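Single-structure report; data block below.
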Amino acid sequence: MGGREVWTRRRLWVGVGCAALLVLAVTLRRVGGEQGEQGEQAQYDGPAFVVSVVGVVVSVAALLMDVLRRTDAPPEPGVVLRQTADALAEAVRVQWAQEARMRRLQDPKPLNVRWRRADRLLTDDTRNIRRGRPVPEPRPADNGLASIATTFEDVPSRRMVVLGSPGSGKSVLAVCCTLDLLKKRTPGTAVPVIFPLAAWDPGTTTLRAWLVERLVAEYRPLAATTDGTVLAGALLDAGLITPVLDGFDELPPALYGTGMRRLNAELDDGMPVLVTSRTTAWESTVACSDVLTGAEVLELLPLDFAEASSYLERTARPLRGPRDRRTTVWTPVLDSLQEESHSPAAHALLQILTNPLMVALARTVYGDASRDPQELLDDPRFDTTAGIEEHLLDAFIPAAFGDGDADSRWRTADAEHWLTWLARELERRGTKRLAWWELYLCVPRALRLAAPALLAQALTFVLAVPILLSSVGGDVFVSDDKPSLAANLVGNLIGFAGGLALLLPVSAARREQRTALPRQLTVCTATAAIATLGYTLAGGSVQFGLQFGTVTDGWVAELFGGAVFGVLIALYFGVAGLTRHAVPLGLPWAGSPAGRLAAQAGGGLLALAGLVVIRPWLFGHDLGVWPMVAGALCFAAALCLWAAARRQGVRTAVSHAGEGRIARRFATGLLHGWAVCLLVGVAAGGTVGAVGYALSVVETSRAPNLDGRRLGTWSHRETPDGDRTVESSTEITGVLVYPHGGSRLTAYPYGSHPPSCDHKCESFDARVTFRVAQGDLRILVDGHTAAHAVNMLPELPKQSRTWLAQSATRHPLDRFLLPGAMGGVLIALIGGPASGLYRALSAPSDLIRAANPQATLRTDRIASLSRSGVVAVTTGGVCALLTWAFASRGGLDHVAAQMWVPMGTAALALTAWGQLAVTRTWLALTRRLPWRLMTFLDEAHRRGVLRQSGAHYEFRHLRMQQRLASATDAPQEAPRTTAPTA
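Here it is in structure tokens:
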């Protein structure tokens, strides 16, 4: 860690401590002032408060002392690198020793695959290899797997390429060579590290940058810095890394030449390297490009019969033979092959035993007492090498997941069924890579559209349980109308699902910027028009302009209202750039120490905001349900953000571009969100106003003239100025709510539960007068107390409401169009910050260079939770300001109060982690894959059926995938298209 970074952190922590002490002093001052003014201490527990104060002071003092007394004198750079190299060597040894145990290479030892020097046309000039030093020819006994490390060290250039056919043992050779080099390694020298070349894209990434990123991804401590340089890069620069590049043939064939040119151009002159590849791929590369400079090229030979038979005999269970001679199940088979090899079955088996992969499969398949390899010679199915190969592939999975294995969590038949389904799915897509986030495409299209809405509703319901338990609907509905609440939720589900289908692209690769805005305008304006029309026809009232109360107008009206709300949430996500098919997220601050520090500071601010929200409750005061939920959400978001900041995480697909990248993305998303949401919101709001005005004109045109007339207990009058009043002759019971800030009162009918009674509520039982002046509807209680009357309209007869509404239709601009435009501004004010945050915190993970699939899932989960928490809290803050600014103005405060929770929970349903939950549920219910999907895939990898390549799984061998997919009971389904990944 550099000196500047050390002092920056010191200043930060000192500032945090001083700020904490300042907050404490202000709190003490306020407590003292309140006690002095009130002359009492009833609201504070004196001893407990003193103990808390002392604890805070001691904690802050200890923090400051610990920060200030730290000595950060860095050791010599060379010492640090050598110590890091030694630690890395131990980590590599542990990692690949475990892999060797999984492949049973130590049980008792690996097959001794032999090699020879390859065609000289595939290798460099011998003068570049020997560099003036004589190289003795290897003795016949030295050209085996056990001597590969010695042979590598004997090459003066320390560069070697190992070629072989499929299944010839190239990857095993890379593992054994790495472990042997580590045994011979002395402290402070170079460390051999295996790099799977399938994870490299030479067309876009330099070799050195890729090596550094792979080192950081697999060995997290190497992400630390020394003198401003990442440790992984410093080790490469110091020559303390020996790359073992496994699988050159797994690069895309079109990039073979590019990969070779990068190897020759970017490998330092003294850097050793070991490369493995299929022979045909290397020949193609040399033909179109060049040889690897200074590299000796070896070619693996087929196994000879003696080595294969010795291996099978040594690894098989012992049996008692004639004259108490030790034999195995393989003894009669191998004896038969030595005595008579002219039969088709014997000839085929001899060919199979030349392939190390097939020999390893044969060992596993006939490793228990349930099978006898004699069938390979007796059964006519095995007269060809293809027949034996298919048999071994078919029997491998049952053997790997043997029922007799106490460690197995699944039955053999289930494991074979699940892996067979996976193989068929990969074959349909024409790929060999299994991505856990792409399994979502196996879910039916209809469910893919409805599942995010269902999951979002479920998550929102979990957070809203305290509210729903305290009062059915709470702030959602003022009256305890369960059908209306259910209808609102159903409408929300329909609107959100439809909005996702119409407003969000399928994937990032299919995002069409040119058509996005017209589509958003069309969908939102059409939804607004249909919802307004349906709301009115279902009994809702727009006669007095766009003034909507919080008292439900019936379940049909709430159905339309919920649909509009769902489409609005989907619009926000579309503007923010989210897609229907998500890819795993990375941490935006990955690779940036300053970014991680900023994320930790953001977590602290969220925790502080939570404390501010629940501060009255901490001091023994009553706190409403919504503030408690808001405080809990602040703490949860702070915890997620802090945990995410502590993780290095998987690198993002976008390279780090400076400390201000997140801020710039936020500013761009903020402006984009404001502009688009304002345009769409004003257009949709204007549509609502225009449709509402037209419907109100049609409805009130048939209203009778009630001036001077009486309907029941209500009398009607109209002044020369056009003001109309309807006065009751009997007493009406209701509730008056006194909001904050001196805003006008709001009246509610008897039996309702007003949402703002935490300020002040007062019941009344008096005569009331409804009055419309300049199109503005008010209610007068006792003839003098004016309040908003939209919630009291159900008390009036329908004819009286229509007669009063005729006055409102005379003011279309003030009563209809301007409130619609105000709604558009409200939409923009909420959508802008949400769009900025989503764009700033949505960084796709680098799927190719990820350490393993589990790492991408863990990183996506913590990134999704932290992103949703931050967006929900920020939206809640914006909505709180808007609720205060638009208090009791046409129900806009009611809309804002419901917005902040779904903005966080609904986004979780559009993440790869959330979609995996849907995928697991569907595939488990249809018996295609187990409930514990990722655990099963990891178990299949542990048992050697699958292998890992970055964030993907692959079958151990492509031939195994093809064989599983060709099972005769495979149901025919239409191929599915794999969405491109970021």
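Using our numbering, the first residue of the sequence shown is number 10, and each one after it goes up by one. Ideal Cβ placement from N, Cα and C applies to all residues, glycine included. Quick caveat: nothing in here was measured; it's all calculated off a predicted structure.
By the three-class DSSP mapping on this structure, what secondary structure does residue i have?
i	result
Ala756	strand
Arg457	helix
Gln808	helix
Ser962	Before going on, a small fix: residue 962 reads as Tyr here, not Ser. Of the three classes helix, strand and coil, the one that applies to Tyr962 here is strand, per DSSP.
Arg168	strand
Trp124	strand
Leu802	helix
Pro261	coil
Thr337	strand
Glu349	coil
Ser873	helix
His725	strand
Ala795	strand
Pro862	helix
Gln783	coil
Gln970	helix
Phe773	strand
Pro365	helix
Gln924	helix
Ser737	strand
Asp387	helix
Going along the chain, which residues of its own chain have a beta-carbon closer than 8 Å to the beta-carbon of residue i, five neighbours each way excluded?
i	result
His961	Arg442, Leu443, Ala444, Leu856, Pro862
Leu309	Val122, Arg123, Trp124, Val171, Leu172, Gly173, Ser174, Ser177, Gly178, Lys179, Leu182
Leu244	Leu90, Thr93, Ala94, Leu97, Val200, Leu224, Leu231, Ile250
In chain order, what residues of the same chain lie with their CB nearer than 6 Å to the CB of residue i, ignoring the 5 residues before and after it?
i	result
Val777	Ser737, Ile741, Ile788, Val790
Asn501	Gly571, Phe574, Gly575
Glu771	Leu745
Ala992	In the structure displayed, the chain extends from 10 to 991; residue 992 sits before or after that span and is not available.
Ile836	Cys686, Gly690
Trp209	Trp219
Thr722	Ser737, Ser738, Thr739
So, under 8 Å CB-CB, residue i and residue j are touching, yes? Tell me the CB distance rounded to an integer number of Å.
i	j	result
Ala317	Leu362	4 Å
Thr688	Tyr847	In the sequence on display, residue 688 carries Leu and not Thr. Incorrect: roughly 19 Å between the Cβ atoms, too far for contact.
Cys686	Val882	About 20 Å separates the two Cβ atoms, so there is no contact after all.
Ala654	Ala608	4 Å
Ala852	Gly595	5 Å
Leu188	Tyr320	Between Tyr320 and Leu188 the Cβ distance is about 19 Å, and since that is not below 8 Å, they are no contact.
Arg112	Gly953	6 Å
Leu401	Val374	6 Å
Ala579	Leu513	7 Å
Ser809	Leu715	7 Å
Gly682	Val584	5 Å
Note down the Cα distance separating residue i from residue j, rounded to an integer number of angstroms.
i	j	result
Glu384	Met169	42 Å
Ala355	Pro327	23 Å
Ala462	Ile406	39 Å
Ala100	Tyr228	8 Å
Cys186	Trp419	35 Å
Phe675	Pro262	39 Å
Thr930	Trp940	7 Å
Ala641	Leu917	18 Å
Ser877	Ala106	40 Å
Leu946	Arg129	43 Å
Pro911	Pro842	15 Å
Gly885	Arg965	49 Å
Ala467	Leu494	15 Å
Ser352	Leu435	38 Å
Gly717	Val735	10 Å
Asp489	Arg867	Summary for Asp489: the model assigns pLDDT 47, below 50, so the residue's position carries little reliability, and this model does not support an answer.
Spatial neighbours of residue i within its chain, please: C-beta separation below 7 Å, excluding the five flanking residues on both sides.
i	result
Gly48	The predicted position of Gly48 is uncertain, since its pLDDT is 42 and thus under 50; a value taken from the coordinates is nonetheless stated next. Excluding sequence neighbours, Gly48 sits near nothing in its chain.
Just checking residue i against the ligand HEM - is the residue's beta carbon closer than 7 Å to any of the ligand's heavy atoms?
i	result
Leu615	Absent from the structure shown: the ligand HEM. Ligands present: none.
At least 3 beta-carbon pairs within less than 8 Å: the segment 565–576 vs the segment 497–516: Short answer: they touch.
Touching by the beta-carbon criterion (3+ pairs, under 8 Å), the segment 129–136 and the segment 149–163: Judged by Cβ distances under 8 Å, the segment 129–136 makes no contact with the segment 149–163, as fewer than three pairs qualify.
The segment 287–301 / the segment 262–277 touching (three or more Cβ pairs under 8 Å): By the Cβ test, the segment 287–301 is in contact with the segment 262–277, since at least three Cβ pairs between them sit closer than 8 Å.
At least 3 beta-carbon pairs within less than 8 Å: the segment 448–465 vs the segment 921–933: Taking 8 Å as the limit for Cβ pairs, the verdict is that the segment 921–933 does touch the segment 448–465.
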